[in-house]
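The next block holds one structure in the form of structure tokens; read it before the comments.
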Amino acid sequence: MNIFRLAGDMVHLLSFVVLVLKINATKSCRGISLKTQELYTLVFVCRYLDLFSNFISMYNTTMKIVFLGTSFAILYLMRGHKVIKVTYDREQDTFRYLFLVLPCALLALLIHNAWTPFEVVWTFSIYLEAVAILPQLVLLQRTQNIDNLTGNYVFLLGLYRGLYILNWIYRYFTEPHYIQWIVWISGIVQTILYLDFFYYYIKSWKNNVKLALPS
Amino acid sequence: LVGLNAKDEL
Chain A
284 MNIFRLAGDM VHLLSFVVLV LKINATKSCR GISLKTQELY TLVFVCRYLD
334 LFSNFISMYN TTMKIVFLGT SFAILYLMRG HKVIKVTYDR EQDTFRYLFL
384 VLPCALLALL IHNAWTPFEV VWTFSIYLEA VAILPQLVLL QRTQNIDNLT
434 GNYVFLLGLY RGLYILNWIY RYFTEPHYIQ WIVWISGIVQ TILYLDFFYY
484 YIKSWKNNVK LALPS
Chain B
20 LVGLNAKDEL
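Just so you know, the protein sequences line up as chains A and B, in that order.
For the first sequence, my numbering begins at 284 and goes up steadily by one.
For the second sequence, my numbering begins at 20 and goes up steadily by one.
Here it is in structure tokens:
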């Protein structure tokens with residue numbers, strides 16, 4: 284494992300910590316898209332189907348369990364917690380799941396590395412992860428007064444895939460035969476979706492003003 | 020070699 288991969292994973296992990304912190308500290312999930320959280324949970328469930336059948340390392344297994352556990356915990360907080368669930372911006376979080384899930388499912392059926400159920404579902408999770416942030420970005424644009432933790436959460440999520448791109452470049456040059464077109468192209472698309480957000484995030488940070496996305 | 024994808028990543 285190289286430094287970019289480790290940094291990417293740690294940033295990803297940190298994004299969960301920041302999100303749980305925001306929800307718990309403020310007892311509010313205002314500005315957080317439940318749709319994006321549900322899509323991420325679906326992504327992890329589909330990707331980690333091999334959790335118990337394919338052992339790579341203690342690190343991998345632990346991280347997978349943490350990602351799955353945290354995702355379900357966030358869903359519980361947003362949908363089941365008495366105090367928190369009433370703060371959910373239901374009327375604003377209107378993105379349709381099917382616009383994302385259906386094209387990703389079709390693409391996974393058409394473009395994959397092997398025609399096996401496991402491989403197709405895994406590929407679907409890669410495609411879905413690339414676009415799962417869209418409901419959150421739309422909600423962010425509609426939210427006035429984005430709080431710092433929410434802004435930081437989205438920034439960390441974007442940074443994580445960016446660091447993975449560096450990891451793939453590193454692996455390409457250090458490991459023979461390391462070619463992963465599906466993962467690379469999806470990861471690049473995923474990172475590009477954040478560029479606009481990054482621009483405004485960094486601008487607000489440099490000018491020391493509150494983050495606001497133009498609508 | 021375009022083999023199975025990198026299942027060693029998260």
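We put the beta carbon where it would ideally sit given N, CA and C, even for glycine.
The structure displayed is predicted, hence computed values, not measured ones.
Worksheet item: Counting pairs of Cβ atoms below 8 Å between the segment 428-446 of chain A and the segment 299-309 of chain A, do you hit three or more?
Response: Segments in contact, yes.
Worksheet entry | Cβ of A:Asn337 within 8 Å of any chain B Cβ | Taking 8 Å as the threshold, the shortest C-beta distance from A:Asn337 to chain B falls below it.
Discussion item. Once DSSP output is grouped into helix, strand and coil, what is the label at A:Met346?
Written reply: helix
Practice prompt. Check the Cβ-Cβ distances between A:Phe481 and every residue of chain B, and say whether any is below 8 Å.
Written response: no
Item to complete: Ignoring anything shorter than 4 residues or poking outside the segment 337-406 of chain A, list the alpha helix (DSSP H) runs there in chain order.
Response: List check, alpha helix (DSSP H) in window: 341-362, 365-368, 381-393.
Discussion item. Does A:Cys329 come out as helix, strand or coil in the three-state DSSP assignment?
Written reply: helix
Fill in: Cα-Cα separation between A:Met341 and A:Ser469, rounded to whole angstroms
26 Å
Worksheet item: Does the segment 307-316 of chain A come close enough to the segment 416-436 of chain A to have 3 or more Cβ pairs within less than 8 Å?
Response: Contact between the segment 307-316 of chain A and the segment 416-436 of chain A is present, because at least three Cβ pairs lie under 8 Å.
Worksheet item: If we cut at 8 Å on Cβ distances, does A:Val519 have a partner in chain B?
Response: Because residue 519 of chain A is not part of the residues shown, which for chain A are 284 to 498, the question remains open.
Discussion item. Using only the alpha-carbon positions, how far apart do B:Gly22 and A:Asn396 sit?
Written reply: In this prediction, B:Gly22 scores a pLDDT of 46, lower than 50, which makes its location untrustworthy; the coordinate-derived value is nonetheless stated afterwards. Taking the straight line from one Cα to the other gives about 7 Å.
Worksheet item: Can a CB atom of chain B be found closer than 8 Å to the CB of A:Gln427?
Response: Proximity of A:Gln427 to chain B, defined by a Cβ-Cβ separation below 8 Å, is not satisfied.
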